[in-house]
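As given, the protein sequences belong to chains V and L, one line each in that order. Residue 257 is where the first sequence ends in numbering that gives the first Met the number 0, and the numbering goes up by one at each step. Residue 282 is where the second sequence ends in numbering that gives the first Met the number 0, and the numbering goes up by one at each step. Each remark here refers to the structure printed beneath this line.
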Amino acid sequence: MARHVPLVLASLAAIFLVAPMAIIVPMSFSKAISFEFPPPGYWTGYYAQYFSSRSWLEATANSFIIAFASMALTLIAALPAAFGFVRYRFHGKSMLNLVMMLPIIVPAVVSALGYYSFLGPLHLVGTHTGMIVAHSELSIPVAFLVVAAALKGFDRNLERAAMSAGAGPLRTFLWVTLPVLRPAILVGALFAFLHSFNEAVVAIFIAGRDASTLPKKMFESIRLESDPVIAVVSTLLTGAVLLGVLISLFFRQRPAQG
Amino acid sequence: MQVGLRRGLPSRDGLTAWLLVAPAVLCIIVLFIVPIGYVLLLSITDPTVSLDHYRRFFTVPLYANVMVNTFRTSLIVTVACLALGYPLAYVMARRNDAVAVVLLVAVGLSFWTGFVVRTYAWLIILGNKGPVAATYAFAGWGNPPQLLFTSFSSTLGMTHVLLPYMVLALYGVMRKIDPSYVRAAEGLGARPFGAFRLVFLPLSLPGVVNGCVLVFTMCLGFYITPILLGTPKDMMISQLISQQIEDLLAWGFASAIAVVLLACTLVLLGVYNRFAGLDRLWG
């Protein structure tokens, strides 16, 4: 009996994690105007409302645009930095390493206040540019940590072998280093994308109406009017994440990114 | 040409390193640290140049209550996350079967679903037309106690939202514990719980420290959940900041509170960095 105690406790914790999210699904098909469970009746009307609502669709598009753009900028900065930090020794390295971590250390409200007063005078509050700048900074440590971890586990004999077989540094990098690191770079990119896609606090402060993202729009709808479309958006987002998790599990058969 | 491979001339190596690191470091300095500097600046210049905001924050009892409440709530959430997360991470790390996969999916799903979505779920569950109220009505217990918009709902919501971070921090350390250590202890006559207590538990402690530091510091400044689920009567720091900005447009005072919050976070993580090295916090 005692043998099963951990499993029982673990299952209870897992149910605590997942059950609240499962409740949103029937809510999204509910006929009720406000939060009501169990729903008084079912229909798909709020899905139709989401797909015909200009402001919700715009927020969705903004979320994707900002997440993609900030992911790209994040990678441009984080990839070389990972190589620099893992493969070289230089003055001030440990200090700069802390600097690299700052965006995920500083509480989001503090960053949000900072961006509001920093971007305001530059007329970038309420613009896509402002959001992309802010989100790409916030994601740098996320992508950096993933790629740096993979780089630390990288077997450099692979590179030495390529070099001794006559490959130059560039060819070695493109044909040996990069392919081995590709899974980690993809994971880092995905993490950066999702970090921006899910980010709410900075968005609430600086996105304004024109660059409003889904988390910001949801947060405001919940506070102001509890628009039933929130349940629809939540269901769609949770479904997308579940799909992503299952796909990543499918590809995870071999732990390639040691 | 073998700069990247052989430990060549230090000066040239140093230059390459700086070129690689510079874009990210410069971006963070100019586009992250400078904005944070604006908060600091605003806290002592808006509306006039003075330290009045800080004086006010540290002398008015209401704000001391907010600080105490913030730290107490963060502590409760951290302990609750540890209690729920430890067995979950333990089973995930020790098993290699379908159960472990299902648990991993549950944790991954909640980790990657945004804070707003998961907080919204609690608005439904605890709301006065939600499943809790329906259960009360069905059982004939009358009206349920006020659950939503209390410090209870805020604490519960934050525990739910931050639990995956605790689990992943624990899992990262537990997964690296060699199962043969536990088997050896059992082979030498330890009972299963004895083997766990004397071998597995001490080896998992770094994960416990990481998870607790991570959850506690995230909780200190947590914005979404306390604002959507909490009450102005038991404010946390983030609620106070939000209130100062939205209701009073007191940007200077809000900035001063934000600086205090930042200082608390940096001190805590500074202590952690001193003993463990910040790199390990995220596994």
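From the three backbone atoms N, C-alpha and C, an ideal C-beta is built for every residue, glycine too. Since the structure is predicted, the reported quantities are computational estimates derived from the model, not experimental observations.
**Prompt:** For the alpha helix (DSSP H) that Ser110 of chain V lies in, which residues bound it at each end?
**Reply:** Unbroken alpha helix (DSSP H) run through Ser110 of chain V: Ala107 to Leu118.
Taking one C-beta from the region 161-175 of chain L and one from the region 74-93 of chain L each time, how about it: are there three or more such pairs within less than 8 Å? A contact exists between the region 161-175 of chain L and the region 74-93 of chain L.
Rank L:Gln238, L:Val100, L:Tyr62 and L:Pro130 by C-alpha distance to the C-alpha of Phe249 of chain V and give the top, closest one. The residue with the shortest Cα to Cα distance from Phe249 of chain V is L:Val100.
| Of the choices V:Gly125, V:Phe143 and V:Glu136, whose alpha-carbon is the least far from that of Leu185 of chain V? | Minimum Cα distance to Leu185 of chain V is reached at V:Phe143.
So the candidates are L:Tyr85, L:Lys128, L:Ile226 and L:Trp281; which of them puts its Cα closest to the Cα of Val267 of chain V?
Limits of chain V in this structure are 0 at one end and 257 at the other, which puts residue 267 of chain V out of reach.
Original post:
When you compare each of L:Gly113, L:Gly210, L:Leu265 and L:Leu83 to Ala9 of chain V by their alpha carbons, which one comes out closest?
Top reply: Of the candidates L:Gly113, L:Gly210, L:Leu265 and L:Leu83, the one whose C-alpha sits nearest the C-alpha of Ala9 of chain V is L:Leu83.
Short of 7 Å in beta carbon distance, which residues of its chain neighbour Ser179 of chain L, apart from the five on each side in sequence? Order them along the chain.
There are no such residues.
**Prompt:** Just checking, does the region 268-282 of chain L make contact with the region 52-70 of chain L on the three C-beta pairs under 8 Å criterion?
**Reply:** Output reads no: the region 52-70 of chain L does not touch the region 268-282 of chain L.
field: Same chain, Cβ closer than 6 Å to Pro254 of chain V, neighbours up to 5 away in sequence not counted
entry: Summary for Pro254 of chain V: the model assigns pLDDT 48, below 50, so the residue's position carries little reliability, and this model does not support an answer.
Exercise. When the cut-off is 8 Å and only beta carbons count, does Leu245 of chain V lie next to chain L?
Worked result: Taking a beta-carbon distance threshold of 8 Å, Leu245 of chain V counts as an interface residue toward chain L.
If you run the structure through DSSP and keep just helix, strand and coil, what is Ser29 of chain V? Under the three-state reduction of DSSP, Ser29 of chain V is assigned to strand.
Q.
Which residues in chain V have a C-beta closer than 9 Å to the C-beta of His52 of chain L? List them in chain order.
A. Close partners of His52 of chain L in chain V (Cβ separation under 9 Å) are lacking, with about 13 Å as the shortest Cβ gap.
**Message:** So for Tyr41 of chain V, helix, strand or coil by DSSP?
**Reply:** Correct three-state label for Tyr41 of chain V: strand.
Secondary structure at Leu277 of chain L, three-state DSSP: helix, strand or coil?
Leu277 of chain L: helix per DSSP, three-state reduction.
Inset, instruction - Throw me the rounded Cβ distance for the Ala81 of chain V and Ser195 of chain V pair, which I believe falls under 8 Å. - result: Rounded to the nearest angstrom, the Cβ distance from Ala81 of chain V to Ser195 of chain V is 19 Å, too far for a contact under 8 Å.
Delimiting residues of the alpha helix (DSSP H) encompassing Ile221 of chain V: Start and end: Leu213 to Leu223.
request  = Could you tell me the distance, in whole angstroms, from the CA atom of Gly3 of chain L to the CA atom of Asp12 of chain L?
outcome  = With a pLDDT of 46 at Gly3 of chain L, under the threshold of 50, the predicted position of this residue should be treated as unreliable, though the coordinate-derived value follows. Distance between the alpha carbons of Gly3 of chain L and Asp12 of chain L: 8 Å.
Any beta carbon from chain L within less than 8 Å of Asn61 of chain V's own beta carbon? So no, Asn61 of chain V is outside the interface.
For the region 151-162 of chain L against the region 216-227 of chain L, are there 3 or more C-beta pairs whose distance is under 8 Å?
-> The region 151-162 of chain L, when compared against the region 216-227 of chain L, does touch it at the 8 Å Cβ threshold.
Check: Mapping DSSP to helix, strand and coil, what is Glu136 of chain V?
Finding: In the structure shown, Glu136 of chain V sits in a helix (DSSP, three-state: H, G or I).
query: Does the beta-carbon distance from Glu35 of chain V to Ser29 of chain V come in below 8 Å?
result: Their beta carbons are under 8 Å apart, which means Glu35 of chain V touches Ser29 of chain V by this criterion.
| Of the choices L:Gly206, L:Trp140, L:Leu202 and L:Ser152, whose alpha-carbon is the least far from that of Leu169 of chain L? | Here the closest residue by C-alpha is L:Gly206.
- Task: Out of V:Ser163, V:Leu95, V:His127 and V:Ala161, point me to the one whose CA is closest to Pro140 of chain V's CA.
- Result: The option with the nearest alpha carbon to Pro140 of chain V is V:Leu95.
Contacts that Leu236 of chain V makes with chain L (C-beta to C-beta distance below 8 Å): Against Leu236 of chain V, the close residues of chain L are Thr112, Gly113 and Val116, in the order they occur along the chain (beta-carbon pairs closer than 8 Å).
For a contact meaning CB atoms closer than 7 Å, what does Tyr49 of chain V contact in chain L? Neighbours of Tyr49 of chain V in chain L, taken as residues at a C-beta separation under 7 Å, are lacking, since the least C-beta distance is about 14 Å.
Nearest to Ser73 of chain L (by Cα), restricted to the options L:Cys211, L:Leu39 and L:Leu50: Restricting attention to L:Cys211, L:Leu39 and L:Leu50, the CA atom closest to the CA of Ser73 of chain L is found in L:Cys211.
### Task
Can you tell me which of the three DSSP states Pro227 of chain V falls into?
DSSP places Pro227 of chain V in the coil class of the three-state scheme, outside both helix and strand.
For Trp17 of chain L, which residues of its own chain have a beta-carbon under 8 Å away from its beta-carbon, when the five flanking residues on both sides are left out? If we look at Trp17 of chain L and ignore the five residues flanking it on each side, it has no Cβ neighbours.
Open item on the list: Count Cβ pairs between the region 205-219 of chain V and the region 154-165 of chain V that sit closer than 8 Å; are there 3 or more?
Closed with: With a cut-off of 8 Å, the region 154-165 of chain V and the region 205-219 of chain V do not count as touching, because too few Cβ pairs lie within range.
To the nearest angstrom, how far is the alpha carbon of Met20 of chain V from that of Gly165 of chain V?
Cα to Cα, the separation comes out at about 55 Å.
Quiz item: Would you report the Cα separation of Gln256 of chain V and Ala184 of chain L, rounded to the nearest angstrom?
Solution: The predicted model places Gln256 of chain V with a pLDDT of 43, which falls under 50 and marks its position as unreliable, so this point remains unresolved.
Determine, using beta carbons only, whether Arg146 of chain L and Ser152 of chain L come nearer to each other than 8 Å. What sits at residue 146 of chain L in the sequence shown is Leu, not Arg. Leu146 of chain L places its beta carbon less than 8 Å from that of Ser152 of chain L.
(message) Cutting at 8 Å between CB atoms, please list the residues of its own chain near Leu8 of chain L, excluding the five before and the five after it.
(response) Caution is warranted here: a pLDDT of 44 is assigned to Leu8 of chain L, below 50, making its placement in the model unreliable, and no coordinate value can be reported.
- prompt: What does Leu6 of chain V touch in chain L if you count any residue whose Cβ is under 9 Å from its own?
  reply: Pro86, Val90, Arg94 and Val98, listed in chain order.
Along the region 183-214 of chain V, where does the CB come closer than 9 Å to a CB of chain L? Name the residues.
Per Cβ criterion, the list reads Leu193, Phe196, Asn197, Glu198, Ala199, Val200, Ile203, Phe204, Leu213 and Pro214.
**Study point:** Closer than 8 Å at the beta carbon, the chain V residues around Gly193 of chain L
**Key:** Simply none; closest approach about 12 Å.
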